[in-house]
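One structure is given below, encoded as structure tokens.
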Amino acid sequence: MGLRDVLPGGGTSSVTGGMFGDGSPTFLTSKIDWIINWSRRNSLWPMPFGTACCAIEMMASAASNYDLARFGMERMSFSPRQADVLICAGRVPYKLAPVLRRIWDQMPQPKWCVSMGACASSGGVFDVYSMVQGIDTIIPVDVYVPGCPPRPEGLIYGLMMIQEKIREESLSRHFEHRAEDPSSVARPHANDAQVVGLTGPFGNSTQQEELSNKESGATEEPPEELIP
Amino acid sequence: MKAGLDAVEEGPHPSERSTGSSDGKIDDPDGHPSVVALLLRFGDSVSGHRVSAGTQHVVWIDSARNLEILHWLRDDQDHQYDMISDITAVDYGAGRPIDVVYQLFSTVHKRALRIRCELPLDGLEIDSIVELWSAANWLEREIYDLFGVTFRKHPDLRRILMPHDYEEGHPLRKDFPLRGRFSRAEQTRRALDQSVEHSYIAEEMDLGRDPQQAAPIIGTKDGVGSEISDE
Amino acid sequence: MSKRTVEFNVGRNPEMGVDGSVVDSPILPFDMPEPDLGTENMLINIGPQHPATHGVLRLVCELDGETVKRVIPHIGYLHSSFEKLGEYRTWNQIVTLTDRIDYLAPLIYNCAYVMAVEKLMEIEVTERCKVVRVICMEMDRIFSHLLWLGTTAIDVGAFTPFLYAFQERERIYKLHEAFTGARITTSATRVGGMMADLPEGWTDGLQDFIDTFLNTLDEIDRLLTRNQIHIGRSQGVGAISAEEAINSGFTGANLRACGVEYDVRKDQPYYDYETYDFEIPVGKHGDCYDRYLCRMEEMRQSVSLLRQALERLPGGPIDVEDPNISLPSKTDCMSDMESMIHHFKLITEGIPAPEGDCYMAIEGSKGELGMYIVAEEGGTKPVRWRIRPPSFVNLSVLPKLAEEHLVSDLIMINASLDIVLGEIDR
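Spelled out as structure tokens, the structure:
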């Protein structure tokens, strides 16, 4: 039972011009959109999921020199129930993955996610047995901030990109933005094929020459030994 | 020497050229009174001695008598190794024995000493020294977790760094591949298990009420989306 | 051995005995037996995502009301297997890994690691390199203690010292960046020397920092040391005796607060620390307040050490002039075939090590930081690289310290131990 079923005409109406329907904004919706987006992007409450070195840079961003309070983000919400944007700062091992997933699930909509640093974005230096190779295999990520660790200016740029993203949102595309499949709660965000694709053999830096030679004859599938 | 992805998939290359182990050789023990005393008192249990890195004395002892010898080293007035700096293990790979290494320090006499016990791969068991130094508690748990060495009479021997129900093996062994034994997809799937058994160890479950009685998680393995009506 | 007992002239908390035991609580009259309310203990999970655990630490507590009956710490939520990664990398490649272990004092880890390798290979670094490394280590000791100070103050409820501490840390960040190019992940050392010599004007920047840092430290001191709230929350809390502390493996300021004069710089000196004039602050009661006082004083001693190091900074080369160990200069490589070959071999293969193992302990900011390296003959990669993290052993004492304390005391004790999860979980 969704909103579309109760509204006349499935949410489309010639009068409002399809407020929830075909996605074209009207005069009314664009003004409301502007106010809602403005208030959302200027009072984002970050949920700092800080684990390692990037967390220190995140703390430095919140401190006086690179003040996050200028953006309305000084109120770091450690309770996910009151947070808007999850900043995953630092490497996430598989032991911590269910915690991250749980925190993300506990955040109410609207929510965004910033993956701060190389380790959160792709595993970074740590292509090892215990490290999640990018949190996008676990939760949906909006902005990736590269760096090891990214400077506070880098994190701020990433947060400004979130603000840009919010600026582009619209009520007429509400379901597109906010819909979350309930069957994906507590399940990996990416399916098996995507996980393999995202974390496929990359090699460590000392072996890259061998790998690029191997790559030319290699297929997309991971080697047999890795599959239990 | 393995190259390319093989080395990464099959584990770090075993140390072929290292003598590593005690070969019965005894270096010059002069300059370290504890080594001299050890050789005198427990000579039959000492299987090797070496001076490493110029000044560091390493003594190999029989692993069956580690508790007794370390007890004497801690309590004897001339030696008094009251601080255990480190306990670790070394896996040389290729079927060689695993060494458990004890790094001792005496704050009274300002001396350091390294004791090593060899354990064959089919007998990875040694007595725990938690009763001597309580610092050994977590240090030995870590060796159990990462190498698979069992410590007899350890009060709380369970995994410490890996999840308590980790099934891929013991990571720091030389035959353990860098990226683990399961595929990434399988590792991700196992990691996202939100059940109570995965999050709490048996000891904690006895403490109070089942924490999930008060606040059950919606959408766990018991019923995906069962509390949410399907569209 | 020079030591100074730190004892501040403020009355001890009247409800706590000198050894931390609770004395005559005024709340319950002692002639009335406590009624049997039929209570049961509660299981509370703190962390791993929690502002007060200082990282991804999980504490499962059994509580009787507010009193902690038992606390079981769970770690491993940041396990990045540095030690296994090290087995795949050459000696110099591991240096970049070491910054990420203790990200609060990266230069200390950089130095500790290469010191262990140099000890194994019996390489003697140049005089200039020694003094530069001493400067780096003392600077990062202040760096780490400042973060500890800021976050501990926040745990007690004081927000301002956090901002002051971070402002000072920004100045050290600038010094890091000017020297190594990065704020946190410095990777400044190499086997046999440093990545580069100090840039021009860097010592002036450091002198500037030394001259003005103590003003801020005094400011924070004024805010916290005599503060009744801070005193009430930290005196008598988490006390431990000296024998138990040594037996449990406590090191660093935690151990010195119990009255034990153990500092690796004095007991197993390295890099001419025995020629520097500094004192090690030693406490008396072994509680959180004494740990706080010890660390505050350690920062002052570090400033004094920095001053002395700057005075004695000699000229000369920063790297060992051995082409088998340190990279030859680029101009030499381009003109001289032999240097080119050395450069090539050092980069592609690495430095061959002698057979053996080596344990090198230094006084890190958190305690005794040990690096244990096992190498095979001619090996360019370690057979085993073990980090003895001070916080790992310090944290294992937490269950003992927090028994029969309140939950808020548990947080205070956890903060006073000065742990960093990166090195605990490695």
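Residue numbers (the working numbering), protein chains in the order written: chain A, 20 to 247; chain B, 428 to 658; chain C, 116 to 541. In this text, a Cβ means the ideal position worked out from N, Cα and C, and glycines have one as well.
Check Asp620 (chain B) in the structure and name its three-state DSSP category. For the purposes of this step, residue 620 (chain B) is taken as residue 193 along the second sequence, with counting starting at 1. If DSSP states are grouped into helix, strand and coil, Asp620 (chain B) belongs with coil.
Where DSSP assigns a beta bridge to Ser479 (chain B), which residues make up the other side? Mapped onto the second sequence, residue 479 (chain B) falls at position 52. Note: Ser479 (chain B) sits in a beta bridge opposite B:Gln483.
Since I believe Ala108 (chain A) is in contact with Phe68 (chain A) (beta carbons under 8 Å), could you give me their beta-carbon distance rounded to a whole number of angstroms? Here the question's residue 68 (chain A) lines up with position 49 in the first sequence. Here the question's residue 108 (chain A) lines up with position 89 in the first sequence. With a Cβ gap of about 7 Å, Phe68 (chain A) and Ala108 (chain A) count as contacting.
Helix, strand or coil for Ile628 (chain B), going by three-state DSSP, please let me know. If you number the second sequence from 1, residue 628 (chain B) lands on position 201. It is coil, neither helix nor strand.
Classify Phe194 (chain A) as helix, strand or coil using the three-state DSSP reduction. On the first sequence, residue 194 (chain A) is found 175 positions in, with the first residue counted as 1. Correct three-state label for Phe194 (chain A): helix.
One question on the structure: do Pro396 (chain C) and Leu339 (chain C) come within less than 8 Å of each other, judged by their Cβ atoms? In the third sequence, residue 396 (chain C) corresponds to position 281, counting from 1. In the third sequence, residue 339 (chain C) corresponds to position 224, counting from 1. It is not a contact, given that the beta carbons lie outside the stated cut-off.
Going residue by residue through the region 327-380 of chain C, where are the continuous alpha helix (DSSP H) segments of at least 4 residues, counting only ones entirely within it? Segments of the alpha helix (DSSP H) lying fully in the region 327-380 of chain C: 343-349, 357-363, 368-371.
Where Asp434 (chain C) falls, given that 16 or more other Cβ within 10 Å makes a residue buried: Reading the third sequence from its first residue, position 319 is the one you call residue 434 (chain C). Burial call: buried.
Straight-line gap, Lys234 (chain C) to Val623 (chain B) (C-alpha atoms, nearest Å): For this step, residue 234 (chain C) is matched to residue 119 along the third sequence. For this step, residue 623 (chain B) is matched to residue 196 along the second sequence. Annotation: Lys234 (chain C) to Val623 (chain B) spans about 48 Å, alpha carbon to alpha carbon.
Is it true that the CB of Cys544 (chain B) sits closer than 8 Å to the CB of Val527 (chain B)? Within the second sequence, the letter at position 100 stands for residue 527 (chain B). Within the second sequence, the letter at position 117 stands for residue 544 (chain B). Yes.
Kindly indicate which residue of C:Ser511, C:Val183, C:Glu470, C:Ala476 has the alpha-carbon position closest to the one of Glu492 (chain C). Taking the third sequence and counting its residues from 1, the one referred to as residue 492 (chain C) is at position 377. Closest in alpha carbon position to Glu492 (chain C), among C:Ser511, C:Val183, C:Glu470, C:Ala476, is C:Glu470.
Measuring CB to CB, does Ile440 (chain C) end up less than 8 Å from Ile238 (chain C)? Your numbering for residue 440 (chain C) matches position 325 in the third sequence. Your numbering for residue 238 (chain C) matches position 123 in the third sequence. It is a contact, given that the beta carbons lie within the stated cut-off.
Contacts that Gly153 (chain C) makes with chain B (C-beta to C-beta distance below 7 Å): Counted from its first residue, the third sequence places residue 153 (chain C) at position 38. Chain B residues near Gly153 (chain C): none, gap ~14 Å exceeds 7 Å.
Report yes if the CB atom of Lys515 (chain C) is closer than 8 Å to the CB atom of Gly367 (chain C), and no otherwise. Numbered from its first residue, the third sequence carries residue 515 (chain C) at position 400. Numbered from its first residue, the third sequence carries residue 367 (chain C) at position 252. No. Outside cutoff.
Tell me the rounded alpha-carbon separation between Val210 (chain C) and Met236 (chain C). The count along the third sequence starts at 1 and reaches residue 210 (chain C) at position 95. The count along the third sequence starts at 1 and reaches residue 236 (chain C) at position 121. Answer to the nearest angstrom: the Cα atoms are 16 Å apart.
Thr48 (chain A): which of A:Gly166, A:Thr156, A:Ser191, A:Arg170 sits nearest, CA to CA? For this step, residue 48 (chain A) is matched to residue 29 along the first sequence. Of A:Gly166, A:Thr156, A:Ser191, A:Arg170, the residue nearest in Cα terms is A:Ser191.
Please report the distance separating the alpha-carbon of Asn223 (chain A) from that of Ile190 (chain C). Taking the first sequence and counting its residues from 1, the one referred to as residue 223 (chain A) is at position 204. Taking the third sequence and counting its residues from 1, the one referred to as residue 190 (chain C) is at position 75. Low confidence applies to Asn223 (chain A): its pLDDT is 37, below 50, so where it sits in the model is not reliable, and the reading given next is rough at best. One C-alpha to the other measures close to 27 Å.
Out of B:Ala480, B:Pro439, B:Leu500, which has the shortest C-alpha to C-alpha gap to Val463 (chain B)? Taking the second sequence and counting its residues from 1, the one referred to as residue 463 (chain B) is at position 36. Minimum Cα distance to Val463 (chain B) is reached at B:Leu500.
Skipping 5 residues on each side, what residues in its chain have a beta carbon closer than 7 Å to that of Leu551 (chain B)? Position 124 of the second sequence holds residue 551 (chain B). When the five nearest sequence neighbours on each side are left out, the beta carbons in the same chain lying within less than 7 Å of the beta carbon of Leu551 (chain B) are those of Ile525, Gly575, Val576, Thr577, in order along the chain.
Proximal chain C residues relative to Glu93 (chain A), where beta-carbon distance stays under 8 Å: Start at 1 with the first residue of the first sequence, and residue 93 (chain A) comes out as number 74. Result: empty, since nearest Cβ-Cβ is about 11 Å, beyond 8 Å.
Thr544 (chain C) to Tyr218 (chain C) span [Cα, whole Å]: Here chain C covers residues 116 to 541 and nothing more, so residue 544 (chain C) does not appear.
In angstroms with no decimal places, state the Cα-to-Cα distance between Ile181 (chain A) and Ile75 (chain A). The residue you call residue 181 (chain A) lines up with position 162 of the first sequence. The residue you call residue 75 (chain A) lines up with position 56 of the first sequence. Those two C-alpha atoms are separated by around 21 Å.
Do the CB positions of Ile466 (chain C) and Val352 (chain C) come within less than 8 Å of each other? To locate residue 466 (chain C), count along the third sequence from 1; it is residue 351. To locate residue 352 (chain C), count along the third sequence from 1; it is residue 237. Contact check for Ile466 (chain C) against Val352 (chain C) fails: the beta carbons are separated by 8 Å or more.
Rounded to the nearest angstrom, what separates Ala79 (chain A) and Leu525 (chain C) at their Cα positions? By 1-based counting over the first sequence, the position of residue 79 (chain A) is 60. By 1-based counting over the third sequence, the position of residue 525 (chain C) is 410. Straight-line Cα distance between these residues: approximately 26 Å.
List the whole-angstrom C-beta distance separating Glu478 (chain C) from Arg380 (chain C), where the pair is believed to meet the contact cut-off of C-beta under 8 Å. Residue numbering aside, residue 478 (chain C) sits at position 363 when the third sequence is read from its first letter. Residue numbering aside, residue 380 (chain C) sits at position 265 when the third sequence is read from its first letter. Yes, they are in contact, since the Cβ atoms of Glu478 (chain C) and Arg380 (chain C) sit about 5 Å apart, within 8 Å.
Limits of the unbroken alpha helix (DSSP H) element including Ile257 (chain C): Here residue 257 (chain C) refers to the residue found at position 142 when the third sequence is read from its first residue. Start and end: 242-271.
Distance, Glu242 (chain C) Cα to Tyr474 (chain C) Cα: As a first step, residue 474 (chain C) is located in the third sequence; it is residue number 359 there, counting from the start. As a first step, residue 242 (chain C) is located in the third sequence; it is residue number 127 there, counting from the start. Put simply, the backbone Cα of Tyr474 (chain C) is about 22 Å away from that of Glu242 (chain C).
Contact the region 516-523 of chain C vs the region 530-542 of chain B: 3+ CB pairs below 8 Å: Result no; under three Cβ-Cβ pairs closer than 8 Å.
Integer Cβ distance of Gly232 (chain C) from Met309 (chain C), believed to fall under 8 Å: The residue you call residue 232 (chain C) lines up with position 117 of the third sequence. The residue you call residue 309 (chain C) lines up with position 194 of the third sequence. Here residue 232 (chain C) turns out to be Val, not Gly, going by the sequence shown. The pair is not a contact, with the Cβ atoms about 14 Å apart (cut-off 8 Å).
Under 7 Å: does the beta carbon of Tyr388 (chain C) sit that close to some heavy atom of the ligand SAH? The ligand SAH is absent from the structure shown, which contains no ligands of any kind.
Quick one: complete alpha helix (DSSP H) runs, 4+ long, within the region 168-250 of chain C? Counting whole runs of 4 or more residues, the region 168-250 of chain C contains the alpha helix (DSSP H) stretches 197-201, 210-213, 221-236.
Straight-line CA distance for Ser83 (chain A) to Asp319 (chain C)? Position 64 of the first sequence, counted from the start, is the residue given in the question as residue 83 (chain A). Position 204 of the third sequence, counted from the start, is the residue given in the question as residue 319 (chain C). Taking C-alpha positions only, Ser83 (chain A) is separated from Asp319 (chain C) by approximately 24 Å.
Beta-carbon neighbours of Glu595 (chain B), restricted to chain A and to distances below 8 Å: To locate residue 595 (chain B), count along the second sequence from 1; it is residue 168. Going along chain A in sequence order, the residues near Glu595 (chain B) (Cβ under 8 Å) are Tyr148.
With 8 Å set as the bound, which would you pick, yes or no: does the beta-carbon of Gly191 (chain C) sit closer than that to a beta-carbon of chain A? Taking the first residue of the third sequence as 1, we reach residue 191 (chain C) at position 76. Closer than 8 Å: yes.
With distance defined between alpha-carbon atoms, name the residue in C:Thr495, C:Gly494, C:Asp472, C:Lys496 nearest to Gly485 (chain C). By 1-based counting over the third sequence, the position of residue 485 (chain C) is 370. Nearest option by C-alpha distance: C:Asp472.
Can you tell me which of C:Trp263, C:Thr446, C:Tyr487, C:Leu442 puts its alpha carbon nearest to the alpha carbon of His457 (chain C)? Your numbering for residue 457 (chain C) matches position 342 in the third sequence. For His457 (chain C), the closest of C:Trp263, C:Thr446, C:Tyr487, C:Leu442 by C-alpha to C-alpha distance is C:Leu442.
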